[in-house]
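In our numbering, the protein residues as written are 185 to 331.
For glycine and all other residues, C-beta sits at the position ideal for the given N, C-alpha and C.
Since this is a predicted model, take the numbers as computed values, not measurements.
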């Protein structure tokens, strides 16, 4: 298993990016300014994009695992890599996600705690309703982890 930084042609992973953020123009907002990493384990299994948000905050903007490989620890391995790589450069790693029973427990298992909410983020910024596990996402829930 190896983790590789992708510096060019990040859109080659668009299908994987769209698993975590299903509107391409939203991905375009952070794709070029973010650092992208892919986890290769006999093929690409997972990707992650992080951005510098200022004030010693690094944010996970997108993290997704190929569906057949979800639940096998690839995303956690990628988060562990990000934590190790950036712990001396930033104080906080944060992630924003929908209030979903699929994602919130995953981040909590990775050491994140709820920080704040941006009301109506999904309804205000996406051109269609976003559903996860049958629940419409409305507010953006931010979780943070000390580095």
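Taking every protein chain shown into account, the CB of residue 318 has fewer than 16 other CB atoms within 10 angstroms, so this residue is exposed.
With a cutoff of 7 angstroms on beta-carbon distance, residue 222 and residue 278 are scored as not near each other.
A residue is called buried once 16 or more other Cβ atoms fall within 10 Å of its Cβ, and residue 249 is buried on that count. Residue 188 and residue 331 have their C-alpha atoms some 21 angstroms from each other.
DSSP links residue 312 through a beta bridge to no other residue. Closest by C-alpha distance to residue 296, out of 328, 259, 255, is 328. When only Cα atoms are considered, residue 281 and residue 316 end up about 11 angstroms apart.
Per DSSP, the unbroken beta strand (DSSP E) holding residue 245 starts and ends at 241-249. Comparing alpha-carbon positions, the option among 208, 321, 273 lying closest to residue 196 turns out to be 208. Exposed is the label assigned to residue 252, since fewer than 16 other Cβ atoms lie within 10 Å of its Cβ. For residue 213, the secondary structure class from DSSP, reduced to helix, strand or coil, is helix. Burial check for residue 201: the Cβ neighbour count within 10 Å reaches 16 or more, so the residue is buried.
In the three-state DSSP reduction, residue 270 falls in the helix class (H, G or I).
Contact check for residue 283 against residue 323 passes: the beta carbons are separated by less than 7 angstroms. Its Cα nearest to that of residue 218, the residue 238 stands out among 238, 228, 199, 309.
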